[in-house]
Amino acid sequence: MLSSLFRFAAVLVSLTPLVLIGCDKPAPSTPTSMFDGLRESMVQDKPVLFWETMPATWQQDVDGLVHEFGKKVPAELYDRVMTTMKKLVMVMKDKKQFVMNTPMIKMQMSSMTATEKADAEKSYDAVVALGDALTSSDLSSASGLQKFVMTTFLTKYGPEAHKALVTLLTLASTQEPEAKQALEAMDAIKKMTAKVDSESGDTAMVTVDMAPLPGGMALPNDGTLPMSKVDGSWVPTPMVMVWPMMMSEAREQLANEDMSTDSAQVAQVTMVLGLVDAGLAHFENAKTQEQFDQAASGLMGMMGGGDQPGS
Numbered sequence: 005m006l007s008s009l010f011r012f013a014a015v016l017v018s019l020t021p022l023v024l025i026g027c028d029k030p031a032p033s034t035p036t037s038m039f040d041g042l043r044e045s046m047v048q049d050k051p052v053l054f055w056e057t058m059p060a061t062w063q064q065d066v067d068g069l070v071h072e073f074g075k076k077v078p079a080e081l082y083d084r085v086m087t088t089m090k091k092l093v094m095v096m097k098d099k100k101q102f103v104m105n106t107p108m109i110k111m112q113m114s115s116m117t118a119t120e121k122a123d124a125e126k127s128y129d130a131v132v133a134l135g136d137a138l139t140s141s142d143l144s145s146a147s148g149l150q151k152f153v154m155t156t157f158l159t160k161y162g163p164e165a166h167k168a169l170v171t172l173l174t175l176a177s178t179q180e181p182e183a184k185q186a187l188e189a190m191d192a193i194k195k196m197t198a199k200v201d202s203e204s205g206d207t208a209m210v211t212v213d214m215a216p217l218p219g220g221m222a223l224p225n226d227g228t229l230p231m232s233k234v235d236g237s238w239v240p241t242p243m244v245m246v247w248p249m250m251m252s253e254a255r256e257q258l259a260n261e262d263m264s265t266d267s268a269q270v271a272q273v274t275m276v277l278g279l280v281d282a283g284l285a286h287f288e289n290a291k292t293q294e295q296f297d298q299a300a301s302g303l304m305g306m307m308g309g310g311d312q313p314g315s
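What the sequence shown shows, in the working numbering, is residues 5 to 315, in sequence order.
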């Protein structure tokens with residue numbers, strides 16, 4: 005069942021280039037609105053600016069997938085996992101000073117340069133920001149999933165989540181080519197311009213001008229793209245043809261996923277989460293560095309106790 009959750013999550017993640025690239029009512033759509041919204045979403049760290057350029061029916065498609073997932077996922081188990089995750093995020097958020105000063109972390113950071121230490125702290129903050137967005141939103145419960153609205157989520161949590169994502173990509177870019185390419189693509193999008201070549205009824209031609217994309221990628225036809233109007237919003241014509249197929253495949257995959265659980269599975273996961281919660285409680289209740297270190301030492305001993313000498 006858990007593997008099914010991860011596989012379906014991958015479907016939603018595959019849609020993020022369309023929705024996470026941030027409320028007032030958006031301005032009337034023009035043939036260049038989607039490209040302008042994409043650019044400004046990157047410049048202003050507001051993914052909602054791009055999301056709002058999409059046709060209303062497409063937005064409803066994405067929201068609907070989340071709603072269906074919320075109906076199908078075992079509510080008791082999902083809520084239990086998210087409750088524990090929220091506790092973990094709160095410990096990381098509220099006890100950051102204690103975390104950064106535990107002996108193990110201090111030892112790891114002792115060999116770092118000042119820049120590396122600053123990067124490590126930025127990475128920590130970014131993970132907390134992303135976790136906070138997840139566990140504070142409607143995504144944090146099965147009932148919340150069934151009423152999820154992407155516009156609301158992106159408006160409230162989009163800016164911080166986007167900044168956190170950029171931070172993690174920046175830190176990873178020194179060693180991960182994919183992260184570096186993603187940042188280069190973002191920089192190219194920030195400088196992107198689009199102009200209308202022609203417009204007639206519900207069709208138009210637009211030319212997009214942007215810096216070369218990483219990895220040899222390039223816009224088709226030297227950036228000249230056909231546009232079509234869907235529900236009053238202008239979108240690239242190829243997307244009009246691809247979108248229904250993407251949604252159909254996502255719905256079919258969700259329908260075919262077996263997320264059923266028996267009482268034994270629920271009991272097993274609940275027991276494990278209970279142990280995790282018990283460990284987190286020691287961190288939550290720590291009022292001093294010494295108490296926090298003792299909790300960390302106890303956790304490490306529990307995890308590796310069987311391998312300790314003399315045990």
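Where a beta carbon is used, it is the ideal one built from N, C-alpha and C, also for glycine. These numbers were taken from a predicted model, which means no experiment stands behind them.
task: Under the assumption that Leu-138 contacts Ser-144 (Cβ atoms under 8 Å), give the Cβ distance between them as a whole number of angstroms.
output: On the sequence shown, position 134 is the one that residue 138 refers to. On the sequence shown, position 140 is the one that residue 144 refers to. Contact flag correct, Cβ pair sits at about 7 Å.
task: Identify whether Glu-203 lies in helix, strand or coil by the three-state DSSP scheme.
output: Locating residue 203 in the sequence shown gives position 199, counting from the first residue. Three-state DSSP puts Glu-203 in a strand.
task: Inspect the beta-carbon positions of Thr-106 and Phe-287 and report whether they are closer than 8 Å.
output: Counted from its first residue, the sequence shown places residue 106 at position 102. Counted from its first residue, the sequence shown places residue 287 at position 283. Cβ atoms of Thr-106 and Phe-287: not closer than 8 Å.
message: Along the chain, where does the beta strand (DSSP E) containing Lys-195 start, and where does it finish?
response: For the purposes of this step, residue 195 is taken as residue 191 along the sequence shown, with counting starting at 1. Per DSSP, Lys-195 belongs to no beta strand (DSSP E) and is neither H nor E.
- prompt: What is the DSSP secondary structure of Asp-65, reduced to helix, strand or coil?
  reply: On the sequence shown, position 61 is the one that residue 65 refers to. In this structure, Asp-65 counts as helix in the three-state DSSP scheme.
field: Pick from Leu-81, Lys-50, Asn-289 that is closest to Ser-267, judged by C-alpha positions
entry: On the sequence shown, position 263 is the one that residue 267 refers to. It is Leu-81.
field: Which listed residue (Lys-90, Lys-100, Lys-151, Ala-189) has its alpha carbon closest to that of His-71
entry: Residue numbering aside, residue 71 sits at position 67 when the sequence shown is read from its first letter. The candidate whose alpha carbon is nearest that of His-71 is Lys-151.
message: In the DSSP output, which residue or residues are listed as bridge partners for Pro-78?
response: Within the sequence shown, numbered from 1, the residue matching residue 78 stands at position 74. DSSP output for Pro-78 lists no bridge partner at all.
message: Quick check: the Cα distance between Met-196 and Asp-40, rounded to an integer number of angstroms?
response: For this step, residue 196 is matched to residue 192 along the sequence shown. For this step, residue 40 is matched to residue 36 along the sequence shown. Going by the C-alpha atoms only, they are around 8 Å apart.
- request: Express the C-alpha separation of Asp-206 and Glu-180 in angstroms, rounding to a whole number.
  value: As a working note, residue 180 is residue 176 in the sequence shown. As a working note, residue 206 is residue 202 in the sequence shown. Straight-line Cα distance between these residues: approximately 42 Å.
- prompt: What residue range is occupied by the uninterrupted alpha helix (DSSP H) comprising Lys-110?
  reply: Against the sequence shown, residue 110 aligns to sequence position 106. Per DSSP, Lys-110 belongs to the alpha helix (DSSP H) from 107-114.
field: Rounded straight-line distance, which links the Cα of Pro-51 to that of Met-116
entry: Position 112 of the sequence shown, counted from the first residue, corresponds to residue 116. Position 47 of the sequence shown, counted from the first residue, corresponds to residue 51. Cα to Cα, the separation comes out at about 34 Å.
field: Closest Cα partner of Pro-230 within the set Asp-67, Asp-142, Met-275, Thr-211
entry: Within the sequence shown, the letter at position 226 stands for residue 230. For Pro-230, the nearest C-alpha among the options comes from Thr-211.
task: Give the DSSP-derived three-state secondary structure of Asp-213 in the structure shown.
output: Numbered from its first residue, the sequence shown carries residue 213 at position 209. Here Asp-213 sits in strand by DSSP.
- prompt: So, are the CB atoms of Val-77 and Met-263 less than 8 Å apart?
  reply: On the sequence shown, position 73 is the one that residue 77 refers to. On the sequence shown, position 259 is the one that residue 263 refers to. Yes, the pair counts as a contact, with Cβ atoms nearer than the cut-off.
message: With three or more beta-carbon pairs closer than 8 Å as the criterion, would you say the region 171-187 touches the region 94-112?
response: no
- request: Can you have a look at Val-276 and say buried or exposed, based on whether 16 or more other CB atoms are within 10 angstroms of its CB?
  value: Residue numbering aside, residue 276 sits at position 272 when the sequence shown is read from its first letter. The residue in question, Val-276, is exposed, as its Cβ has fewer than 16 Cβ neighbours within 10 Å.
query: Among Thr-155, Glu-256, Met-96, Glu-203, which one has its Cα closest to the Cα of Val-131?
result: Mapped onto the sequence shown, residue 131 falls at position 127. Val-131 has its Cα closest to that of Met-96, out of Thr-155, Glu-256, Met-96, Glu-203.
- request: Pull up the DSSP beta-bridge partners for Trp-238, would you.
  value: Locating residue 238 in the sequence shown gives position 234, counting from the first residue. Answer by DSSP bridge pairing, in chain order: Lys-233.
field: Where Asp-297 sits in the DSSP three-state scheme
entry: As a position in the sequence shown, residue 297 is number 293, starting the count at 1. Asp-297: helix per DSSP, three-state reduction.
query: When you compare only the Cα positions, how much space is there between Glu-44 and Gln-272?
result: The residue you call residue 44 lines up with position 40 of the sequence shown. The residue you call residue 272 lines up with position 268 of the sequence shown. Straight-line Cα distance between these residues: approximately 47 Å.
query: By Cβ distance below 6 Å, which residues in the same chain neighbour Phe-157 in space, the five residues on each side in sequence not counted?
result: Stepping through the sequence shown from its first residue, residue 157 is reached at position 153. For Phe-157, where only same-chain residues beyond five positions count, the Cβ hits under 6 Å are Ser-141.
- prompt: Considering only the beta carbon of each residue, do Pro-59 and Val-280 sit closer than 8 Å?
  reply: As a first step, residue 59 is located in the sequence shown; it is residue number 55 there, counting from the start. As a first step, residue 280 is located in the sequence shown; it is residue number 276 there, counting from the start. No, the Cβ-Cβ distance between Pro-59 and Val-280 is not below 8 Å.
message: Going by the DSSP bridge assignment, what does Thr-57 pair with across the sheet?
response: Locating residue 57 in the sequence shown gives position 53, where the first residue counts as 1. For Thr-57, which the question treats as bridged, DSSP gives no partner whatsoever.
- request: Return the Cβ separation of Ala-122 and Ala-168 in integer angstroms, given the expectation that the two are a contact with Cβ distance under 8 Å.
  value: The residue labelled residue 122 in the question sits at position 118 within the sequence shown. The residue labelled residue 168 in the question sits at position 164 within the sequence shown. Rounded, the Cβ-Cβ distance is 16 Å, inconsistent with contact.
- prompt: Can you name the start and end residues of the alpha helix (DSSP H) that Glu-261 belongs to?
  reply: The residue you call residue 261 lines up with position 257 of the sequence shown. No alpha helix (DSSP H) holds Glu-261; DSSP gives it neither H nor E.
- request: Count the other C-beta atoms from every protein chain shown that fall within 10 angstroms of the C-beta of Glu-56, then say buried if there are 16 or more, exposed otherwise.
  value: Stepping through the sequence shown from its first residue, residue 56 is reached at position 52. Classification for Glu-56: buried.
- request: Please work out which residues of its chain come closer than 7 Å, Cβ to Cβ, to Lys-160, disregarding the five sequence neighbours upstream and downstream, and give them in chain order.
  value: For the purposes of this step, residue 160 is identified with residue 156 of the sequence shown, where counting begins at 1. So the list is empty, once near-sequence residues are dropped.
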